[in-house]
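Novice: Those protein sequences? They're chains A and B, same order as listed. If you read the first sequence in the numbering used here, its first letter stands for residue 5, the second for the next number, and so on. If you read the second sequence in the numbering used here, its first letter stands for residue 5, the second for the next number, and so on. My questions will all concern the structure given below.
Number of protein chains: 2
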Amino acid sequence: MSRAFDQLKPHLKRAMALNTALVLFEWDDATQAPEQAGALTGDVIGILSGEYFQAVNNEEVARLAEACSQETDLTESEAAQVKELLREIEKLSKIPQEEYQAFAKLVSESTRVWEAAKKANDFSKFAPVLKQVIDWQKKFAGYRAKPGQKKYDVMLEDYEPGFSMEKLDEFFAMVRREIAPLFRQVMESGVEIEDGFLSGDFDDETQEKIGRFIAEYVGFDFQKGVMAVSAHPFTTNLHNKDVRITTHYTDRLDSSLFSIIHETGHALYEFGIRDDLTQTMAGQGASMGMHESQSRFFENIVGRSAGFWKPVYGKLQEAFPENLGQVSLEEFVRAVNKASAGLIRTEADELSYSLHVLVRYELEKELIEGDLQVENLPEAWADKYEEYLGIRPENVREGVLQDIHWSQGSFGYFPSYALGSAFSAQLYYHMKKEMDFEELLEEGKLSVIREYLREHVHQYGKIKDSRQILKDTTGEDFKPEYYVRYLKEKYQKLYQLPQ
Amino acid sequence: MSRAFDQLKPHLKRAMALNTALVLFEWDDATQAPEQAGALTGDVIGILSGEYFQAVNNEEVARLAEACSQETDLTESEAAQVKELLREIEKLSKIPQEEYQAFAKLVSESTRVWEAAKKANDFSKFAPVLKQVIDWQKKFAGYRAKPGQKKYDVMLEDYEPGFSMEKLDEFFAMVRREIAPLFRQVMESGVEIEDGFLSGDFDDETQEKIGRFIAEYVGFDFQKGVMAVSAHPFTTNLHNKDVRITTHYTDRLDSSLFSIIHETGHALYEFGIRDDLTQTMAGQGASMGMHESQSRFFENIVGRSAGFWKPVYGKLQEAFPENLGQVSLEEFVRAVNKASAGLIRTEADELSYSLHVLVRYELEKELIEGDLQVENLPEAWADKYEEYLGIRPENVREGVLQDIHWSQGSFGYFPSYALGSAFSAQLYYHMKKEMDFEELLEEGKLSVIREYLREHVHQYGKIKDSRQILKDTTGEDFKPEYYVRYLKEKYQKLYQLPQ
């Protein structure tokens, strides 16, 4: 008698193939598809998505998945795949297919509406459709909630298993209590960091050339990867031998440089997934937050350090002699760490970033669990920015309409950005005990750092969740104190604050 | 009661979506996929191909297709779709699936073997697998042959419906009788055309810039299309709003320029397919030959004429002042029409091109229908090159191993290249009666020419076959005399031969 998993395998492979095709269409759309292709290619994507839905969500697969969960001889990889499949089935099967499709349609509509509203700087255009999106998502969360489970917790669980409101409230309380005052201190310190030389007319070709060099230096493998240009930088992958990042070239040199290092961090995760996991449902990162921890680890902890730039800053100066020729390594590193009170999350520095997320977390909670009305969002948004960042958006384009996430129905996503930073800090303090981190950076031995993360984080895919990874690697459950400590040590020094 | 076609539609849409995904994977592989992605992405492609096979080749679809062929209220587009579906079913259903898959596997193997053999310049490495490929293809043709139908005719019909050996023998007899002697006359004319200025160190960026300009000038719509780089130039499309061409940049300026014009000719065909045909099985060009007629029409008849370059040659000179600054329009046009006895088909000039195809047609016939043994191919190849082109390959790399086609099992494909040229000449002489062709070129009014072809050729997709298109457009069945006349008029003048 054949094992249930062996019978399940062709179904999983079919789902994987369809999913890979969808990933490629998404990549293509963001990087090169012609402007007018959208509608017709959309039909294709719609059909393939439907095929994927049916490949995963049918009676035979459900029966086999159930049977597999009873099997005792599954490999680690197989068990993880079954777990992910059951999670997916749970999610899909509780939502009637008509409602799921109606929602998918609404979302593609609402994203367009959001774009137009942002362009017109007019929240009232977006409000009605956002209200519908929220109503649907609350309805879906209601279908899926376990007895007694809150709706927002259902949403959070999709992005970061193991992190409910209870845990996040604790985390964000610490952000509010420790980081918001630190940020105020920094703003009031009177220290002015010069970063004018980061702005200028940097030609795209040279930016790309040095960008590729830096990506490779950090560990991007161009034999197994592609780098391209898109409006918003992102990372995707077909499998662990085909990982793709994008960047964009602007008049801020640090914008492309650090987006490349950030995406390379994501890419290293995907390159590092084990061969028996890639191309399976368990072959992605453990969670959004753990993925983000790797990108932020390389972007901020590694990439914004003096040690990192020591071996390669000369190369950057050579690429842009007019802009950086007279700028010392120390001045450059200070500039790329400058904190400022900005309105836009994606342009925020490392210190204020978590405050941007704090605003969103508190608003999402109130929208889903509290009684904040959509109409009152712009005001609530502005109030919180004023409270935490000391700055008030003068228009909704730079306020509540800046992010795409809500228009796509992604509630519960934002917290994982801040969690990622916190995870990376916890990993960092542990790694410093295991290796001479600073020396490795200064000697350009990034492979030791990469290897460590591959061994402890990347290889496992979804075999472990983020808390398990932290426990197994650092010996401790998630501990946000490391994040606070990291930011304090770094910014107190940079801004000459009393310690 | 719903029409059979309406029941068939979801099946056709599914097949179309899977096929579009396969097209995108192919594009991606040729233009940007990382080197090491091949094996894992190959799994995905294998699964999606299997899905496509099953989407088209199953009992319900066969039953519905049969029912549709009895329906009387089909639109023109629907009828064409049913015809193509029945053709596809006929092809797939007669070949046992295990054999089809075994052959697909052999072909992916044999392409690699061919590549290695070509690199090693060693035919004996390729011969055994080529023999297997031929045996399979003969077997498949045997399964599919109608009573009394020859195997090579089955193969030819796949690429050019309506053109059997009987018709092609006639055509190639004329090539041998008229063009081979003309080519000899040209070679012996003593006229030396200077084309040294076409070789040089042309930087890729400038080549790309002028290439995009020329593509757009010919009619490529970048709102609905993409241009990229690949080892061998090609055209593909997802649908009529997403058409993609590639080129390559070498040290021959004419190489990228005319490959871009050639591929733009293919692209115009795809842009011109009617909206009710695109994304259906009848939504591609009528045939390989008719497709090639459009690329060659723009590359040769339009693109290598003095009239075409008159409005834009100055732009080309500006792009490469050092190379072309002192070269007159007349000298440039003479150079890009220079005939020479070369060994490589893809580098052949317009005149000798048909002789390269003649060699391959005669050899294929002997391999499939005659008693030519694979072991004797290199010798037979060399003999024919000596006979028709007066030049003998000194190694197999530049001889029988130069083309990928046979390794892929594509027998019957080559003739369509020469047919394409012949179709384009027939269309050309007819169009000259309907419009002042020369004046349109000189005034840069290419849209009139494009529109004519869109109206008479492109829009129909597979509604008409190539002979029907020629009849409806020119009032005559295929007449190869126009091709001979075109080459005679052009080359007798260029090489100052007695007329």
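Note that the Cβ used here is the ideal one computed from N, Cα and C, for glycine as well. Quick caveat: nothing in here was measured; it's all calculated off a predicted structure.
(1) Indicate the three-state DSSP secondary structure (helix, strand or coil) for B/Ala286 in the structure shown.
(2) Could you confirm whether any beta carbon from chain A is found closer than 8 Å to the beta carbon of B/Thr24?
(3) In whole angstroms, give me the CA-to-CA distance for B/Cys72 and A/Pro237.
(4) Using the Cβ count rule (16 or more neighbours within 10 Å means buried), how would you classify A/Ser420?
(5) Beta-carbon within less than 6 Å of B/Asp280's beta-carbon, same chain only, minus the 5 sequence neighbours each way: which residues are those?
(6) Please confirm whether B/Lys143 has its beta-carbon closer than 8 Å to some beta-carbon of chain A.
(7) Does A/Ile51 get closer than 8 Å to chain B when you measure Cβ to Cβ?
(8) I'd like the span of the beta strand (DSSP E) that includes B/Gly229, first residue to last.
(9) If you drop the 5 nearest sequence neighbours on each side, which residues of the same chain put their C-beta closer than 7 Å to that of A/Leu242?
(10) For a contact defined as C-beta to C-beta under 7 Å, what are the partners of A/Glu39 on chain B?
(11) Between A/Arg471 and chain B, is any beta-carbon pair separated by less than 8 Å?
(12) Taking A/Ala21 as the query, report the chain B residues whose CB atoms sit under 7 Å from its CB, ordered along the chain.
(13) Indicate whether at least one CB of chain A lies closer than 8 Å to the CB of B/Lys129.
(14) Taking the alpha-carbon positions, what's the B/Leu44 to B/Gln36 distance?
(15) Helix, strand or coil, according to DSSP, for B/Arg148 in the structure here?
(16) Which residues share a DSSP beta bridge with A/Arg246?
(17) Between which two residues does the alpha helix (DSSP H) harbouring B/Arg364 extend?
(18) Among the residues of its own chain, which have a CB less than 7 Å from the CB of B/Phe275, if the five just before and after it don't count?
(19) Locate the alpha helix (DSSP H) running through A/Gly54, then write down its first and last residues.
(20) Buried or exposed for A/Pro397, please, with buried defined as at least 16 other CB atoms from any protein chain shown within 10 angstroms of its CB.
(21) Below 8 Å, how does it come out for the segment 411-428 of chain B and the segment 376-389 of chain B: are there three or more Cβ pairs, yes or no?
(22) For a quick check, are the C-beta atoms of B/Leu96 and B/Val137 less than 8 Å apart?
(23) When you compare each of B/Asp375, B/His462, B/Gly329 and B/Glu455 to B/Lys135 by their alpha carbons, which one comes out closest?
(24) Between which two residues does the alpha helix (DSSP H) harbouring A/Met191 extend?
(25) Taking DSSP as the reference, what is the three-state secondary structure of A/Thr4?
(26) Along the chain, where does the alpha helix (DSSP H) that runs through A/Val452 open and close?
(27) Does the beta-carbon distance from A/Glu335 to A/Glu198 come in below 8 Å?
(28) Who are the neighbours of A/Thr45 on chain B, taking C-beta pairs under 7 Å?
(29) Can you check the segment 304-330 of chain B for any alpha helix (DSSP H) of at least 4 residues that lies completely inside it and give the ranges in chain order?
(30) Who are the near neighbours of A/Pro315 in its chain, counting only those whose CB is closer than 8 Å to its CB and skipping five residues on each side?
(31) In this structure, how does DSSP classify B/Thr76 when only helix, strand and coil are distinguished?
(32) Under a Cβ-count criterion, where at least 16 other Cβ atoms within 10 Å of its own Cβ denotes burial, should A/Thr251 be classed as buried or exposed?
(33) On a Cα-Cα basis, can you pick out the residue from A/Leu367, A/Tyr156, A/Gln283 and A/Trp313 that is closest to A/Tyr221?
(34) Short check: CB of A/Gly293 to CB of A/Gly465, under 8 Å?
(35) May I ask you to report which of helix, strand or coil DSSP gives A/Ser203?
(36) Determine the DSSP secondary structure at B/Arg216, reduced to helix, strand or coil.
Specialist: This is what the structure holds:
(1) coil
(2) yes
(3) 49 Å
(4) buried
(5) Ser81
(6) no
(7) yes
(8) Gly229 to Val233
(9) Thr24, Val27 and Leu28
(10) Gln227
(11) no
(12) Val48, Ile51 and Leu52
(13) no
(14) 15 Å
(15) helix
(16) A small fix is needed here, since residue 246 of chain A is Asp in this sequence, not Arg. DSSP, once it has assigned bridges, lists A/His243 as partnering A/Asp246.
(17) Glu354 to Ile372
(18) Asp225, Lys228, Asn244 and Val247
(19) Gly42 to Val60
(20) buried
(21) no
(22) no
(23) B/Asp375
(24) Ala184 to Met191
(25) Lying outside 5 to 503, the shown extent of chain A, residue 4 of chain A is not represented and no answer is given.
(26) Leu450 to His460
(27) yes
(28) Leu242 and Asp246
(29) 310-313, 317-323 and 325-328
(30) Glu446, Glu447 and Gly448
(31) coil
(32) buried
(33) A/Trp313
(34) no
(35) strand
(36) helix
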